[in-house]
Structures are given as structure tokens and as C-alpha cells.
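Protein chains in written order, with the working numbering: chain W, 26 to 342; chain V, 526 to 960.
C-beta atoms are modelled at their ideal positions from N, C-alpha and C, and glycine is treated no differently.
Source: prediction; values computed, not measured.
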Amino acid sequence: MTIAAEARPVPQLTQSWLVRLFDYKPFLIFICLLPALGLLLVFLSYPLGLGIWLAFTDTRIGRSGVFIGFENFESLWHDPVFITSVWNTLLYTGVATVAKFGLGLWLALLLNNHLPFKSLLRALILVPWIVPTVLSAIAFWWIYDPQFSIISYVLVDVLGWRDTYVDFLGSPWPARWSLIAANVWRGIPFVAISLLAGLQTISPTLYEAAMLDGANAWQRFRHVTLPMLMPILAIVLTFSVLFTFTDFQLVYAITRGGPINSTHLMATLAFQRGIPGGQLGEGAAIAVAMIPFLVMATLFSYFALARRKWQQGEDND
Amino acid sequence: MSISRRDVLIGGAGLAAGATLAAPSIAQTANIEKGATLRVLRPTKFVDPDQTIFNENTEAFTKATGVQVRVDYASWEDLRPQTAVTANTGAGPDVVVGWADDPHIFADKLIDLTAVAEDLGKKYGGWYPVAEKYGKKDKTSTWISIPMGGSGGPAVYRESWVKEAGFDKFPTDHAGFLDLCRKLKANGHPAGFALGNAVGDGNSFCNWLVWSHGGYMVDENNKVAINSKETIEALKYAKALYETFIPGTLSWLDISNNKALTAGEVGLTQNGVSLYFSIKNSKDEKTAAIGKDLNHAPMPIGAGVGRPTETALVINAMVFKHTKFPNAAKEYLRFMMEKEQYDKWLTGCFGYWTQPLKGYAQSKVWESDPKILVYRDTWERALWSGYKGAITEAAGTVNAEYVMVQMVASVCAGQATPEQAAAEAERRAKRYYRT
Chain W
26 MTIAAEARPV PQLTQSWLVR LFDYKPFLIF ICLLPALGLL LVFLSYPLGL GIWLAFTDTR
86 IGRSGVFIGF ENFESLWHDP VFITSVWNTL LYTGVATVAK FGLGLWLALL LNNHLPFKSL
146 LRALILVPWI VPTVLSAIAF WWIYDPQFSI ISYVLVDVLG WRDTYVDFLG SPWPARWSLI
206 AANVWRGIPF VAISLLAGLQ TISPTLYEAA MLDGANAWQR FRHVTLPMLM PILAIVLTFS
266 VLFTFTDFQL VYAITRGGPI NSTHLMATLA FQRGIPGGQL GEGAAIAVAM IPFLVMATLF
326 SYFALARRKW QQGEDND
Chain V
526 MSISRRDVLI GGAGLAAGAT LAAPSIAQTA NIEKGATLRV LRPTKFVDPD QTIFNENTEA
586 FTKATGVQVR VDYASWEDLR PQTAVTANTG AGPDVVVGWA DDPHIFADKL IDLTAVAEDL
646 GKKYGGWYPV AEKYGKKDKT STWISIPMGG SGGPAVYRES WVKEAGFDKF PTDHAGFLDL
706 CRKLKANGHP AGFALGNAVG DGNSFCNWLV WSHGGYMVDE NNKVAINSKE TIEALKYAKA
766 LYETFIPGTL SWLDISNNKA LTAGEVGLTQ NGVSLYFSIK NSKDEKTAAI GKDLNHAPMP
826 IGAGVGRPTE TALVINAMVF KHTKFPNAAK EYLRFMMEKE QYDKWLTGCF GYWTQPLKGY
886 AQSKVWESDP KILVYRDTWE RALWSGYKGA ITEAAGTVNA EYVMVQMVAS VCAGQATPEQ
946 AAAEAERRAK RYYRT
């Protein structure tokens, strides 16, 4: 405590201990961080910790549980519904992320050109992202409806290309693809706008230099754009994977995990078991089982994609 | 002021004897605590007048007793979690009008409502047996809740199309029903029953299917018994029936059949009475015309239970031990179930929440429109989820996991044979009916 006082060049000022305390930098930092820290602890760490604890108990909605070790996880391991939900989540995240990045990057490159009404277009692109998920989910639910689908209506009643309405959600694979399509539609704007921001930070001189060296459009993309974009790509990818992996609303609103559990994601299954099903412990265990996947995805995005060699365009790693 | 349970029993009996006492005497007879206030939590309205009349009745209670009551309405999906939080924290509302199973899950946190229930039973022609099942703690005669209403799900059909298919009366047996569905399909007005993860309509159809064939999820001792000859018969029948449905029912959620019937896409489905009124009172003339052609009938009986069976969505009121004013809370429930209030509510909701007390079968609402008469006997037909066992948490989970629905759906989709599907349902149910 005395350090602050000694450091003061004016010794005749005898300050109260309180003033000295607040002049002490580590203490001040601590005090200033406290509100944020408190919020994090109360609203983030505590629920997370509680969730992890619940996963190791047999808590149900009607009674508090006791510690049962890994029993929930063991029982889930033998539960085909849970295993399906893990595969679904991986498929959903994998395919949707690749599609979102492919299309998002393409869109960003297009928007990066000089187009008429550029700002208006960029604003419009954001619409799917701005619309609340539940609303877009309901819109897609109508689009995929077995009786009232606009797509079926156009194909059957307007164009006459089909005789029967499309059964988007009635069987496992079409249902999965339909949900992935809805997720991609929703996610593209985020990727496109973020990457657009990244693209605009790339100095035009690099392209000029490349053109002087005789690089064609593909080479300019491959050796200038991509490496320069890699850091932001890694961040956006991480976020996108996290959002997709933990998606709940689209699936819950459109299929509730059906038909016959073929579209359950880990998030929807965790909710279904935990809240309507009342098995809080098991629901928490499913949610906790998502954590390793999320950590791996984050680490992969950070370390693999941020590698220097990648950024510098060497192919040997 | 301390009141023993005995005092309350006496007080309650006194009130039942003289139903329409002057305002201050209700408070006295029932030993309502001085300065009592109540908080009530219930599900939000599904039909418009529900909330209005419930609030009016609550105000009447305040007027009669001086007890201030605040009623909160929770969305249907939030009601259960909120009930659970109330139960587990011992704080919040004194009275929760919760979902059917919840009083049984929180049984040891609830006060005994036997006196109120017995008085009401005596006064209003007795409780339907299923209401007793819902109200009494398993295998005891202690009432832990007051069932307030149930929304049934009989068949809803287009009269003219059923006639066109050659049926003057709605069939009451499985063979006739299948025949009707086949003919409806041939005439281009197919039936449609939800087979997606539709917690209301999906369970409603699949429970009927299995029960009416004599199958059940668990036996009287809560032993899983779904993998039975009867279930397999039911599943074979389901497969044949499914062939006659409008395409896409495997992805139907709760609202899908309402949309399809309203649009005239299907000629037969299952639903609560609300659909009839929403069609009949539609501002769109074409839709309103459908209302004239709609009618209701119990689903076919089958060999299973020997009477029609049905799944009802039940609201079941409970009083938590943490309440400071147990007498006021009990009195509130009694008051809401008394004729002056209950009949108004029942009638105002067009019979959406049907009566668990037999006496209210005489209510004027059931004479108001012959087409809704079928709903009057909802509690005669209703069985509970987890039939024939107890109403337990496991039964609730199995229901929420759509074990019954998915068993039927997997056979209809051709993903599993009836035998495989029944075995899978058994496996899944056993996960929760362990111990």
C-alpha cells in the first residue's frame, strides 16, 4: 500500500489511506473490472458451472438430484436418438458452414466491386440476418409446408413440372437439407458483410503490384486476397461455426426435431429432454456434450487458419 | 392466527352447505387469513373469452372475500418451467393452474385439497373417474390438485364428404373408420392426422390408436408394456390408415391440421373445439361456410378399453405449501369451481375447457350448439398419458419424447416394421421407467 505514496514526488501531502488506495493502479484496475467481472460471473460462469454440475447429477424438474458421475453420459452413449443428434449437428454445422462461406465469400467479392446502388445493395443483403430467427423460421416453415408451400405451388400449379406437392419435411434427408438451406440463407449475410469489411482493408497497391507482375484474376485472388483475408476469415469462421452448432430456433420451429427424430440437433434434444421432458440432468449432459465440439472448432479456427504458412500462401502444410 | 387443517375442513364443509352466503361470511366460514393476498399463475388463453372471464371471476372472488388476487398468464411452453421454479424455490405464485401431470411431480410440495375436492364433488354430481386420477395422489385418496378443465380431441369431419363416402353416421369401429378414410381419399378429401413431433395432436392420434387396440405404454405397476401383440396390431392398422392420409402428415406440427381443415384440404382430423369456432366465426365467407359442414364424433371405440378413448389437455390447479394464505388459496379454487363462476367460464369458452365435475354436463353451453355436444363427454372418454400406470415424471418425459408418436410414425414412414417399432418404443420408455 505504501508504494503509491512513496512514488509521489510531493511528500508533504499526507493523503488518507483511501485516496492512496485508489491511486494504486492494480487496485484501480481491479475495481474498474469488477462490474464486468460480476456480470460475467453471475450471468455466464454461474449458469455454465451450474449446467456442468447438473450434467453429473440425476436432477429432474420435480426434485434436486445427487451426483451420479458419468452415468448420464454413459446412458446417452447407448441412446441412438442422442447419437443421431450428434451426427445431425455435425452434418448441419459442416455443410451449412461450407455453403455459407462459399456463397458468402462470393457475395462479398461481388459487393466489393463498384456497383450501382452499392450501399443500398449492402443494406439489403443484411435483411436475412436482421430478421429475428423465429420469424424467418416461421417463414421457412410455410415455405416447406406439405400443403401450403409456395415452392410446391409454383412447381405444381403454376409451372406444372410436378404432379405432387414436394414433401420437404416428411422424410429424413429432405428434411435435413431443407433445414440446412434455411440456415444457410440466414447465415450468408453475416459472412458476406464481415468478409466484405475484410476485403476493404486490403490495399489496392497489392493488386496493382500483382497485375504488374502479370497475375490473372484467379492468381490475384489466390495469392493476394485469400492470404490477406485469412485472419478475418478465421474469426468469422469461428463465430459462424459456433452459431450454427448451437442453432436451436430454426429446427425447433420448423420440425421440432422430427420426422422421427431425424433432424434433432444437440441443442434441440437438450431442450426437449430438459424442459418439456423434465430430465434436467440428462438435458444438461447433452448440452455439456456440445462443449468439446465447440472448443475443438474454436481451436481449429484459431490455430489452423491463423497459421503463417497459410497466410503466406505456402502449400506444404 | 393459526388454523389447523381440521378447522379448515369444518369451515369448508360449512361453506358447501350454504353456497351463496353474504360476502363477509365466506371469509369467516372459510377462515380466510386476515390481509391475505394471492398470486395465481395459469396458462395464457387459447380462446379469447378464457382470460376475460377468468379475470372477472377472480374479481368476484376479491369482492366477496376482500382477498386481492393477481393472476399472471404464462405462455403454454413457459408454464411448466415456471411451475418447476416455483416448486423448487418455494417462492412465487401461491396457486398454479398447471398442466395435467405437474401436481403429481411436485406432490410433496403441495397442500392437501381433499376437503375442497370432496365438497365440490358432493355438490356437483361427483368427479369423473379420470378427474380423480388427475386430482388424487397416486394410490391414495388425498387430493393434491383440482382439475379445472380439459380440452378434448375427438374427430372433426366434413359432414357432406363423409356422407358422400357413403356413411350416414360416423363409424364407431376400426374397420368402418378405415373404410371411411379410404373412400374419403378416393373422393379427393383425404383424412389427415399429425404424425410429426406435435405434442398435442400427435399424441392425441397415436394414443387413441394404441389404446383403442388394447395397447398401453405401461401397466398398472408402471412396468413398460408397450411391446405387445395389441400394439403391433395397432401399428399394422396405422400403416393401412396412413395410406389414406393427405401427404406430408409425418411433418405435421400442432397447427398443421387446423390449417389443412380450414383450407378444405382435408375432410377428417382430430382437434379441440376451438377449431370449429375459429372456422365458424371466420370473417372470410368461404371459411365460415365450412363451419356449417363440420361436425364432431368420438374416435372409433375398438376392442381396447370397451369405450371411446381420447387424450385431453388438462389444466390442474395446485396450491404450494409455501403460500402464507392456504385457506384463501383453497377458497379461491373452490370459488372458481362454483356454479356461478364455473358455468360462466365454461359457457364463455364455448366448452373449450370441459368440466371435470359431472354436474356441469347439464350446463347450457352443451345445448347451445348440437355440434359441440361430443365435447361434453370429454372426461368420460379421456385417459391420461402414461395410462395404465401412475401419472409420473417418467410418463411426462415419455410423452415429451414423442415415444408413442414416433413409434407410429416410423411404421407409417416405412422405416420400421411394427415389431421393430414396438421394441424401440419399449427401449425408449424403459430409459425413463427405470428404478
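In the DSSP annotation of this structure, the continuous segment of the beta strand (DSSP E) that includes residue 672 of chain V starts and ends at 671-676.
Sorting W:306, W:210 and W:46 by C-alpha distance to the C-alpha of residue 129 of chain W places W:210 at the top. Under the three-state reduction of DSSP, residue 598 of chain V is assigned to strand. Membership of residue 824 of chain V in any alpha helix (DSSP H) is not indicated, and neither H nor E is assigned to it by DSSP.
Annotated as distal: residue 624 of chain V and residue 882 of chain V, with beta-carbon spacing of 7 Å or more.
Residue 801 of chain V is bridged by DSSP to nothing; it lacks a bridge partner. One finds 931 in chain V with Cβ atoms closer than 7 Å to the Cβ of residue 286 of chain W, taken in chain order. Interface flag for residue 920 of chain V against chain W is unset, since no Cβ pair is found closer than 7 Å. In the three-state DSSP reduction, residue 949 of chain V falls in the helix class (H, G or I). The DSSP assignment places complete alpha helix (DSSP H) segments of no fewer than 4 residues inside the stretch 847-871 of chain V at 851-862, in order along the chain. Here residue 852 of chain V is not near residue 628 of chain V, since their CB atoms are 7 Å or more apart.
Look at the stretch 890-919 of chain V and you find these whole runs of alpha helix (DSSP H), each 4 residues long or longer: 890-893, 898-901 and 903-906. For the stretch 781-800 of chain V, the set of residues with a beta-carbon nearer than 9 Å to any beta-carbon of chain W comprises 781, 784, 785, 788, 790 and 791, in chain order. Cβ-Cβ distances below 6 Å link residue 897 of chain V to 798 and 876 in the same chain, with the five nearest sequence neighbours on each side left out; the list follows chain order. Counting along the chain, residue 155 of chain W sits inside the alpha helix (DSSP H) bounded by residues 152-155. Within chain V, the residues whose beta carbon sits less than 9 Å from that of residue 280 of chain W are 721, 722, 776 and 778, listed in sequence order. Listed along the chain, the chain W residues whose CB falls inside 9 Å of the CB of residue 938 of chain V are 195, 196, 197, 284 and 285. Secondary-structure assignment with DSSP links residue 841 of chain V through a beta bridge to V:623 and V:672. Counting C-beta pairs closer than 8 Å gives three or more between the stretch 826-841 of chain V and the stretch 727-737 of chain V, which meets the contact rule.
As summarised for the stretch 757-815 of chain V, the continuous alpha helix (DSSP H) elements at least 4 residues long and confined to that stretch are 781-787 and 798-805, given in chain order.
Listed in chain order, the positions of the stretch 75-88 of chain W with a beta carbon within less than 9 Å of a beta carbon of chain V are 85, 86, 87 and 88. When CB distances to chain V are screened at a threshold of 8 Å, the residues of the stretch 172-192 of chain W falling below it are 172, 173, 189, 190 and 192, in chain order. Not one beta carbon of chain W lies nearer than 7 Å to the beta carbon of residue 702 of chain V. For residue 673 of chain V against residue 878 of chain V, the beta-carbon gap comes to about 7 Å, under 8 Å, which counts as contact.
No Cβ of chain V is located within less than 7 Å of the beta carbon of residue 274 of chain W. About 7 Å separates the beta carbons of residue 622 of chain V and residue 568 of chain V, which is inside the 8 Å limit, making them a contact pair. By a beta-carbon distance limit of 8 Å, residue 958 of chain V contacts residue 743 of chain V. Their separation comes to about 6 Å. Under the 7 Å criterion on CB atoms, residue 72 of chain W is classed as non-interfacial with respect to chain V. Residue 200 of chain W reaches chain V at 776, counting residues in chain order whose Cβ is nearer than 8 Å. Beyond the five residues adjoining it in sequence on each side, residue 615 of chain V comes within less than 7 Å, by CB distance, of 847 in the same chain, given in chain order. Below 8 Å, enough C-beta pairs join the stretch 763-773 of chain V and the stretch 703-720 of chain V to call them touching: three or more. A straight line joining the alpha-carbon of residue 895 of chain V with that of residue 832 of chain V spans about 22 Å. For residue 51 of chain W, not one C-beta of chain V is nearer than 7 Å to its own C-beta.
Rounded to the nearest whole angstrom, the C-alpha separation of residue 181 of chain W and residue 189 of chain W is 7 Å. Burial of residue 929 of chain V is indicated by the presence of at least 16 other C-beta atoms within 10 angstroms of its C-beta. Against chain W, the beta carbon of residue 935 of chain V has neighbours under 7 Å at 285, listed in chain order.
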